[in-house]
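Quick notes on the structure that follows.
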Amino acid sequence: MEKKRVLVVGGTGYLGQHLLEGLAGATHCGAPRSYDLAFTHHRPDPPQELLDALAPVLPFRVDLRTGQGFGSISEKFGQPHAVINCAALSVPRECENNHESTMAINVPSSLVGWLTSFSNSSPLLIHLSTDQVYEGVKSFYKEDDEAIPVNMYGKSKVAAEQFISANYSNFAILRSSIIYGPQTISPVAKSLPIQWIDSMLSRGQEVEFFYDEFRCPIYVKDLVNVILTLIQRSISDGKPMQLLLNAGGPERVSRLQMAETVASVRGHNSSLIKAVSSFSVNRGVISPVDISMDVSRLIQELGVSLVSFKDGVQLTLEASGDS
């Protein structure tokens, strides 16, 4: 049987690396499911430790703005059966300061153009969007609620969703919340939320957290499972899909509650955690207040289970050797 080919766009990022690791060890009905894997990267050279850990995996340097590099994937890897787009400019403040770059990278026009060049079939495109497409004025947004983003990052992601829906026939769009979990094979430079909270409280340092900004953080391995389930369904059914799903965790928590949970799991002094309003800080970008999401459609559609935030924090810290 032909191995299915899966391409991760943005494979050196946080989710991308966890996804490659999950695909490398994937099982189906209790038996190993082996994929041929490739990933794209923007930096000059991919991390050697990632290549060593996941061999055989093919890296390709791609410029998402121009599409340069996709032709090499066609030649050396072939037409993929599934493509997961994890690549984005995702720091809201940076997006606010670089509108042109944000739109050029976050709206996957070159990727979709490449995918539509295959004449015999349309590979499944799984695209990572964000909870920041929502305005943030109520709790538990549903997929059918109007997307009214308040910052450039959210606007670029809405534009991406609209572009894919209008120009491609086989896709699943996942509106992800904060993604947390263990460090990656090749450590990412960005600060990881649970590890950062734990580090600050471990030092006995007082830290301020917003009590009035709410999200539905999702454990990274749950999100990987969601994506694996979508790929397996696509391969089994052989039919195009057109899905839009909220991909958050099962609980609505404030930044303050996130910190309190880490303190509880680790036994830190909770008096170090100071509650402040999100309106008391100028972050250089508007941040939606409450973009918690209703994830019932995700659970019903895919039959997945999601770990509680407390259990996810425990698993994260155990993986770091800090339980």
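1 is the number of the first residue of the sequence shown in the UniProt record's numbering; add one for each residue after it.
We put the CB at the ideal spot given by N, CA and C, even for glycine.
Residue i to residue j, Cα distance in whole Å?
{"i": "L23", "j": "V220", "result": "13 Å"}
{"i": "W114", "j": "A275", "result": "48 Å"}
{"i": "K3", "j": "F309", "result": "35 Å"}
{"i": "L89", "j": "L19", "result": "18 Å"}
{"i": "E49", "j": "Y180", "result": "21 Å"}
{"i": "Q257", "j": "S109", "result": "38 Å"}
{"i": "A166", "j": "Q242", "result": "11 Å"}
{"i": "K142", "j": "E96", "result": "26 Å"}
{"i": "H81", "j": "S236", "result": "12 Å"}
{"i": "S199", "j": "G78", "result": "44 Å"}
{"i": "D52", "j": "I148", "result": "43 Å"}
{"i": "A104", "j": "I164", "result": "14 Å"}
{"i": "E146", "j": "R215", "result": "18 Å"}
{"i": "L174", "j": "P47", "result": "27 Å"}
{"i": "K190", "j": "P250", "result": "25 Å"}
{"i": "P288", "j": "F210", "result": "12 Å"}
{"i": "S305", "j": "I218", "result": "11 Å"}
{"i": "T188", "j": "V91", "result": "It should be pointed out that residue 188 corresponds to Val in this sequence rather than to Thr. Cα to Cα, V188 sits roughly 14 Å from V91."}
{"i": "L315", "j": "A263", "result": "14 Å"}
Within 10 angstroms of its Cβ, does residue i collect 16 or more other Cβ (buried), or is it exposed?
{"i": "A319", "result": "exposed"}
{"i": "T116", "result": "exposed"}
{"i": "F281", "result": "The amino acid at residue 281 is misidentified as Phe; the sequence shows Val. Exposed, because fewer than 16 other Cβ atoms sit within 10 Å of the Cβ of V281."}
{"i": "K157", "result": "buried"}
{"i": "F118", "result": "exposed"}
{"i": "Q162", "result": "exposed"}
{"i": "V313", "result": "buried"}
{"i": "S323", "result": "Note that S323 has pLDDT 42, beneath the 50 cutoff, so the model's placement of it is unreliable and the number below is only indicative. Counting Cβ neighbours within 10 Å, S323 comes out exposed, since fewer than 16 surround it."}
{"i": "Q132", "result": "buried"}
{"i": "T66", "result": "exposed"}
{"i": "Q17", "result": "buried"}
{"i": "L43", "result": "Looking at the sequence provided, one finds Arg at residue 43 rather than Leu. Its Cβ having fewer than 16 others within 10 Å, R43 is exposed."}
{"i": "V137", "result": "exposed"}
{"i": "A247", "result": "buried"}
{"i": "D311", "result": "exposed"}
{"i": "H41", "result": "buried"}
{"i": "S292", "result": "buried"}
{"i": "I202", "result": "As written in the sequence, residue 202 is Ser, which differs from the Ile given in the question. So S202 counts as exposed."}
{"i": "E213", "result": "buried"}
Need the endpoints of the alpha helix (DSSP H) that residue i sits in, please.
{"i": "H99", "result": "H99 to N106"}
{"i": "N225", "result": "V220 to D237"}
{"i": "H18", "result": "Y14 to A24"}
{"i": "L54", "result": "Q48 to L54"}
Nearest by alpha-carbon distance to residue i: which of the options is it?
{"i": "L111", "options": "L54, D212, I126 and H99", "result": "I126"}
{"i": "L302", "options": "S177, I227 and F171", "result": "I227"}
{"i": "A160", "options": "E21, S305, I179 and A87", "result": "A87"}
{"i": "G154", "options": "D52, T102, D222 and H42", "result": "T102"}
{"i": "A55", "options": "D36, I173 and T12", "result": "D36"}
{"i": "S129", "options": "Y14, S121, P123 and N106", "result": "N106"}
{"i": "L298", "options": "T229, R283 and L272", "result": "T229"}
{"i": "L223", "options": "S177, L272 and A263", "result": "S177"}
{"i": "L245", "options": "S296, I273, A38 and S186", "result": "S296"}
{"i": "L64", "options": "N98, K76 and G10", "result": "G10"}
{"i": "K239", "options": "Q195, G69 and N170", "result": "N170"}
{"i": "R266", "options": "E213, V8, S277 and Q195", "result": "Q195"}
{"i": "G204", "options": "L7, Q68 and L272", "result": "L272"}
Under the three-state reduction of DSSP, which class applies to residue i: helix, strand or coil?
{"i": "D212", "result": "coil"}
{"i": "T40", "result": "strand"}
{"i": "S323", "result": "In this prediction, S323 scores a pLDDT of 42, lower than 50, which makes its location untrustworthy; the coordinate-derived value is nonetheless stated afterwards. Three-state DSSP puts S323 in coil, outside helix and strand."}
{"i": "F118", "result": "coil"}
{"i": "N85", "result": "strand"}
{"i": "M293", "result": "strand"}
{"i": "K274", "result": "strand"}
{"i": "Q242", "result": "strand"}
{"i": "S280", "result": "helix"}
{"i": "S202", "result": "helix"}
{"i": "I73", "result": "helix"}
{"i": "I197", "result": "helix"}
{"i": "I286", "result": "coil"}
{"i": "S90", "result": "coil"}
{"i": "I299", "result": "helix"}
{"i": "residue 357", "result": "A query on residue 357 cannot be resolved here, the shown segment of the chain reaching from 1 to 323 and no further."}
{"i": "A147", "result": "coil"}
{"i": "A247", "result": "strand"}
{"i": "V262", "result": "helix"}
{"i": "V158", "result": "helix"}
{"i": "residue 388", "result": "In the structure as shown, the chain begins at 1 and stops at 323. Residue 388 is therefore absent and cannot be evaluated."}
{"i": "S165", "result": "helix"}
In the DSSP assignment, the beta strand (DSSP E) including residue i goes from what residue to what residue?
{"i": "N151", "result": "Here N151 belongs to no beta strand (DSSP E), and DSSP marks it neither H nor E."}
{"i": "P59", "result": "V57 to R61"}
{"i": "I126", "result": "L124 to T130"}
{"i": "R175", "result": "F171 to S176"}
{"i": "R5", "result": "K4 to V9"}
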